[in-house]
Amino acid sequence: LQVVDLTVCPCALAALQLLQMGYYPSAPLGPTLAVSLQLLSLVRQVFMCMPPNISAWCESLEAHLASMGYKVDTKVCV
1 LQVVDLTVCP
11 CALAALQLLQ
21 MGYYPSAPLG
31 PTLAVSLQLL
41 SLVRQVFMCM
51 PPNISAWCES
61 LEAHLASMGY
71 KVDTKVCV
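In terms of UniProt numbering, the sequence shown is numbered consecutively and its last residue is 78.
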């Protein structure tokens, strides 16, 4: 968890400031919680590849890391 202090006025809404910082606010006015956009992207990818086993998690993590510029070189088959 991370605490973020914002200076809020009618010209700089908290929700917009959070979005600019890479966080999705819990409410359009006076958000008390925000979630990382990167985490939301990972969760979206998990649900797009969701078979009823662990391969969904592995494929989603690999795709998310690839979108961030990382490459997974090895695959282990059991």
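Glycine included, C-beta positions come from ideal geometry on N, C-alpha and C.
How is cysteine 9 classed by DSSP in three states: helix, strand or coil?
For the purposes of this step, residue 9 is taken as the residue at position 9 of the sequence shown. The answer is strand: DSSP assigns cysteine 9 an E or B state.
Report the rounded CA-to-CA distance for glutamine 38 versus histidine 64, giving the unit in angstroms.
Locating residue 38 in the sequence shown gives position 38, counting from the first residue. Locating residue 64 in the sequence shown gives position 64, counting from the first residue. In a straight line, the C-alpha of glutamine 38 is about 9 angstroms away from that of histidine 64.
Need the endpoints of the beta strand (DSSP E) that serine 60 sits in, please.
Sequence index remark: in the sequence shown, residue 60 carries index 60 (1-based). Note, serine 60: premise wrong, no beta strand (DSSP E); alpha helix (DSSP H) at 55 to 67.
Under three-state DSSP, which class holds serine 36?
Counting from one through the sequence shown, the residue named residue 36 turns up at place 36. Strand.
So who's on the other strand from proline 31, going by DSSP bridges?
Within the sequence shown, the letter at position 31 stands for residue 31. Answer is none; proline 31 lacks a bridge partner.
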